[in-house]
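Participant: Provided herewith is a single structure, encoded as structure tokens, for subsequent inquiry.
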Amino acid sequence: MACSTRKSTELFLFDQPLEKFTGRQLPTGEEVLRRLYSFGCNSKSNREAVVTELVEVWVKARIPTMEIRSIKVKLESVVKKYEKLKINRKRSTDTQQAKEVHFKNELSRLFDISHKDALSSMKNKEDQAFLRDQRTERKMAMGGVDQELVRKETMRMKKLARKSEMAEKEKMAKAE
1 MACSTRKSTE LFLFDQPLEK FTGRQLPTGE EVLRRLYSFG CNSKSNREAV
51 VTELVEVWVK ARIPTMEIRS IKVKLESVVK KYEKLKINRK RSTDTQQAKE
101 VHFKNELSRL FDISHKDALS SMKNKEDQAF LRDQRTERKM AMGGVDQELV
151 RKETMRMKKL ARKSEMAEKE KMAKAE
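Under the UniProt record's numbering, the first residue of the sequence shown carries the number 1, and numbering increases by one thereafter.
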């Protein structure tokens, strides 16, 4: 198997492809694009794999996301813009350079796949603050598992299970 050099795997406008999302912050457009091209080519199955990984990061952050098909459309849009810029990458005109700078600035921001009503539907204030931060300064990062929240959710699930079990018993008793 032939080895490849860093120069041969380098992406236009970016450094190297990204092996995986960090998971401590929500991915930027650049990270999503670098992750897509780490698969080697831009095929439908690769885009679906990236979308799946992307959604996993957002679920881990407990932020509601838009529908999968909408995420795919958004990713496709970014890829098309990138491919269009790549065609003229040898040009050194002011217009081309301005387009490249604008595109890089666009991709340096959060690749936002949150649901349009995400902030209003989220109950946890920390999660809301995290999403706002990721959309602006990007200083916050996700830590480990929130044990208190896990305990509360486990208790809530047990309570719901008991309620449904009792309702089932009542139905059985009424049926007899």
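Glycine residues also receive a C-beta, built at the ideal position from the N, C-alpha and C atoms. Being a predicted model, the structure only gives us computed values, none of them experimental.
Quick one: using the 10 Å Cβ neighbour count with 16 as the cut-off for buried, is R132 buried or exposed?
Facilitator: Exposed.
Participant: For the alpha helix (DSSP H) that contains K84, what are its first and last residues?
Facilitator: Here the alpha helix (DSSP H) through K84 covers 68-87.
Participant: Roughly how many angstroms lie between the CA atoms of I87 and D112, to the nearest whole one?
Facilitator: Going by the C-alpha atoms only, they are around 26 Å apart.
Participant: Below 8 Å on the Cβ atoms is my guess for I63 versus S114; work out the distance and round it to an integer in Å.
Facilitator: Right, their Cβ atoms sit about 5 Å apart.
Participant: Anyone know if the C-beta pair for F21 and V57 falls short of 8 Å?
Facilitator: Yes, the pair counts as a contact, with Cβ atoms nearer than the cut-off.
Participant: Going by DSSP, what residue range makes up the alpha helix (DSSP H) through Q96?
Facilitator: Where Q96 is concerned, the enclosing alpha helix (DSSP H) stretches over 94-107.
Participant: Counting only C-beta atoms, is S38 closer than 8 Å to chain D at any point?
Facilitator: Annotation note: the requested chain D is absent from the structure, which comprises a single protein chain.
Participant: Whole-angstrom Cβ separation of E30 and S92, contact assumed at under 8 Å?
Facilitator: E30 to S92, Cβ: 22 Å. No contact.
Participant: Is it true that the CB of S38 sits closer than 8 Å to the CB of E53?
Facilitator: No; because the gap between Cβ atoms is not below 8 Å, this pair is not in contact.
Participant: Looking at C-alpha atoms only, which residue of V32, A61, K60 is the closest neighbour of R47?
Facilitator: Measuring from the Cα of R47, the nearest candidate turns out to be V32.
Participant: In the structure shown, what three-state DSSP assignment does S121 receive?
Facilitator: In the structure shown, S121 sits in a helix (DSSP, three-state: H, G or I).
Participant: Measuring only the C-alpha atoms, how far is A141 from R151?
Facilitator: Cα to Cα, A141 sits roughly 22 Å from R151.
Participant: Roughly how far, in whole angstroms, is the beta-carbon of L36 from the beta-carbon of Q134, given that I think they are within contact range, below 8 Å?
Facilitator: In fact, because the Cβ distance is near 20 Å, the residues do not count as touching under 8 Å.
Participant: Specify, as a first and last residue, the run of the alpha helix (DSSP H) that R34 falls within.
Facilitator: Segment 29-37, the alpha helix (DSSP H) holding R34.
Participant: Under the DSSP definition of a beta bridge, which residues are partnered with S114?
Facilitator: Partner(s): T65.
Participant: Using the C-alpha atoms, what's the distance from R138 back to E83?
Facilitator: Cα to Cα, the separation comes out at about 27 Å.
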